[in-house]
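Asker: Residue numbers (our numbering): 134 to 953.
In this text, a Cβ means the ideal position worked out from N, Cα and C, and glycines have one as well.
These numbers come from a predicted model, not from an experiment.
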């Protein structure tokens, strides 16, 4: 007979007959087996699943995880009832504003006037999450979970209410009596606001900060596929629920086998819910050939697919068990051949089920959102469909309570509840911070090389923290030679003479989303992401999802405990003057300036000393993401160690002059911009015009706070006024486009008559750095001209006639661009 892990479609007719015979024989001989095998409501256990589960329970009894098989069958029977009640509750969440625990039909006024919900996907997730709960109870291990299809959150929230695995916000409002369940279903898509303008309901349309055990929103499909393999530390276990729709959304999910290693990775069990449908048509997998096509694709990419019954919690539980068991077995075999090419295929569960299984409309496009033919609040036919669909899902309260007791084994097994799994409760510290190798002011050096050396020192001083470096490519070009030599590219088979290793910590792929997620997922470790600035916008979706979810966790009283993640943008807009305009793009820094500054920090260290401090500062900023815009070419080291620390702490630094007595304020953001401003300062001083020079390294600190948390993070008025006194004209020269920069700094923008901002204005081509500065109107001479304009003084006061002609476009640009 075929291996019981093969897909059901691969089982021959002869083997299927033998499976059916064995299942009937066991059912006749073993009462506990028979009681579970009979199923419950719409949940049926196929003969193949029955044999798989029986073998699993025998193994768990043999290893001591279970006292006996009968206990295992009772827990699986409990999972059937909890899953059935979960589907019943999900249907009510979409359509109803009350429940009837006696199972009697609902009448018209019991329904919502405007039903809403991603019902089909949520119904499919109920057996999957119930199977996860069951497996935890069977072997006494609380695994972490992650769900890519965050719109299916109704399944998670419904089951968490049923088994009392709730966050504080849910526990304060919901429970298993009719009044609290009425509040629960009524809160789903209620749209109610608090007086402060916040959602009044702790239930969301997607996984949110109140979803017990939730790790990410899952609203941007495809990112869980990029996260899960990098998330668990050794000794931890993670079940990742993903979807066939997300499978075609994001490149990189099928690269997971490239990155998983037993040496530094926890066990991962990816489970795809294969329901064959997106929102309004079949999924691409279904169009390409369904399950068989998917299995061929998965094997080609280093997975070993395992077919599961997505309608059955027991099949999901068995899938988790066999995925983990086979990973462990392969790990033990690989340990016997440490020098060989022993690639471990990553097991991958494929749980097939019609979309919206268990309720009317299953398998149709309508199942995605509102599966009934109409609104039961005013349509009698739809009302009949709802009540008929809920009837086989109903579980009497006494039976449900018994099932809950049977499955909630946490105290007896001394394990945490699922809301407190290891990945949801990360608390990481950076105990050892080596002193930077300071550069002497007045010397020159590459800030990226300085950052590289400091990161290596941090990794070596903290060996307990698993490092991950997200790298789209060209780590050496970006001056991270020491990092690469120490940590190495992670590959299956290292190439001789190249910095590669099976267990390398540098995750390299020509896909920005995939590599940034490798670092974002490694929340138990020490991370760095490095990319060309122009290509960084491809990371924005992943970064923004993380920023939003993390901030909501803080607001919910669950502040994240992972080390900050620095995203280094180098080979940046101005250094890429030599390339075409496609390589000259400050978009990511501008976009992150629009996010909340307390979580999304955008910093521009101008030299090596400030780059080293900014790196350490960003890592110690728990639960934040910091974009560090860092030059890789040699630039002057202008800041002392004390100045570098002050810049990191406050976000700005007075370099020259006295703002209270200066005629004009010159503010720079960016290393090359600082060089132009300092040169402009010299020209103005030679012309008898007093100017103060201020370096703004973190522009977000100077913005006006948009809520209480951001207001607590931005600089106090006294600090801002000390650098930017009211009434003094000012000129900003920025690495970014001037408009988003000024928008963020509206607090110190005195209006067009007395404020000018120079920066990237979308001019470029194949140039050198001075040429790109000139093309975008932000050289020292343009800065001088802007200063004279805000002072309402003629250009003759500080610029020669030939320089004025060059600025006007009919002179020689080299008069401006040549070195001082």
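(1) Let me know the secondary structure DSSP gives residue 340 once reduced to three states.
(2) So, with DSSP's three-state summary, where would you put residue 646?
(3) By a C-beta neighbour count over all protein chains shown, 10 Å radius and 16 as the cutoff for buried, is residue 941 buried or exposed?
(4) Would you list, in sequence order, the uninterrupted beta strand (DSSP E) runs of no fewer than 3 residues that lie entirely inside the region 590-662?
(5) With three or more C-beta pairs closer than 8 angstroms as the rule, is the region 547-563 touching the region 719-737?
(6) In this structure, what does DSSP give as the bridge partners for residue 578?
(7) CB residue 675 to CB residue 701, shorter than 7 angstroms?
(8) If you draw a straight line from the C-alpha of residue 167 to the C-alpha of residue 684, how long is it?
(9) Mind checking whether residue 229 and residue 239 have CB atoms under 7 angstroms apart?
(10) May I have the straight-line CA-CA distance separating residue 218 from residue 634, to the nearest angstrom?
(11) Residue 209: which of 225, 182 and 222 sits nearest, CA to CA?
(12) When DSSP builds the beta bridges, which residues end up paired with residue 863?
(13) Would residue 638 and residue 600 be called neighbours here (beta carbons separated by less than 7 angstroms)?
(14) Can you tell me whether residue 440 is buried or exposed? The criterion is at least 16 other CB atoms within 10 Å of its CB, across all chains shown.
(15) Which partner residues does residue 503 have in the DSSP bridge list?
(16) Is residue 393 helix, strand or coil by DSSP?
(17) Please name the residue, chosen from 506, 481 and 172, that lies closest to residue 492 on a Cα-to-Cα basis.
(18) Can you look up residue 134 in the DSSP assignment and give me helix, strand or coil?
(19) For residue 470, does the count of other Cβ atoms within 10 angstroms reach 16, so buried, or fall short, so exposed?
(20) For the beta strand (DSSP E) containing residue 483, list its first residue and its last residue.
(21) By Cβ distance below 7 angstroms, which residues in the same chain neighbour residue 570 in space, the five residues on each side in sequence not counted?
(22) Residue range of the alpha helix (DSSP H) that residue 448 falls in?
(23) For residue 672, name the three-state secondary structure that DSSP assigns.
(24) According to DSSP, what are the bridge partners of residue 440?
(25) Taking C-alpha atoms, which residue in 389, 495, 268 and 712 lies nearest to residue 904?
(26) Leaving out the 5 sequence neighbours to the left and right, which residues in its chain are closer than 7 angstroms to residue 226 when beta-carbon positions are compared?
(27) Quick one: measure Cβ to Cβ for residue 212 and residue 266, integer angstroms, because I've assumed they're closer than 8 angstroms.
(28) Between residue 748 and residue 584, is the Cβ-Cβ spacing less than 7 angstroms?
(29) Would you decide whether residue 859 is buried or exposed? Buried here means 16 or more other CB atoms lie within 10 Å of its CB.
(30) Taking all protein chains shown into account, do 16 or more other C-beta atoms lie within 10 angstroms of the C-beta of residue 933, making it buried, or fewer, making it exposed?
(31) How would you label residue 538, buried or exposed, when you count the other beta carbons within 10 angstroms and need 16 or more for buried?
(32) With DSSP collapsed to three states, give me the class of residue 787.
(33) Sort 390, 461, 656 and 176 by Cα distance to residue 349 and report the nearest one.
(34) DSSP three-state label for residue 733, please.
Answerer: Per the coordinate set shown:
(1) coil
(2) helix
(3) exposed
(4) 600-604 and 639-641
(5) no
(6) 768
(7) No.
(8) About 49 angstroms.
(9) The answer is yes: Cβ separation under 7 angstroms.
(10) 49 angstroms
(11) 182
(12) 798 and 888
(13) yes
(14) buried
(15) BP columns for residue 503 are empty, so no partner.
(16) coil
(17) 506
(18) Residue confidence is low: residue 134 scores 38 on pLDDT, short of 50, so the model does not pin down where it sits. No coordinate-derived value is stated.
(19) exposed
(20) 479-485
(21) 586
(22) 446-468
(23) The three-state secondary structure of residue 672, taken from DSSP, is helix.
(24) 483
(25) 712
(26) 250, 287, 291, 318 and 321
(27) 7 angstroms
(28) Against a cut-off of 7 angstroms, the Cβ pair of residue 584 and residue 748 comes out as a contact.
(29) exposed
(30) exposed
(31) exposed
(32) strand
(33) 656
(34) If DSSP states are grouped into helix, strand and coil, residue 733 belongs with the strands.
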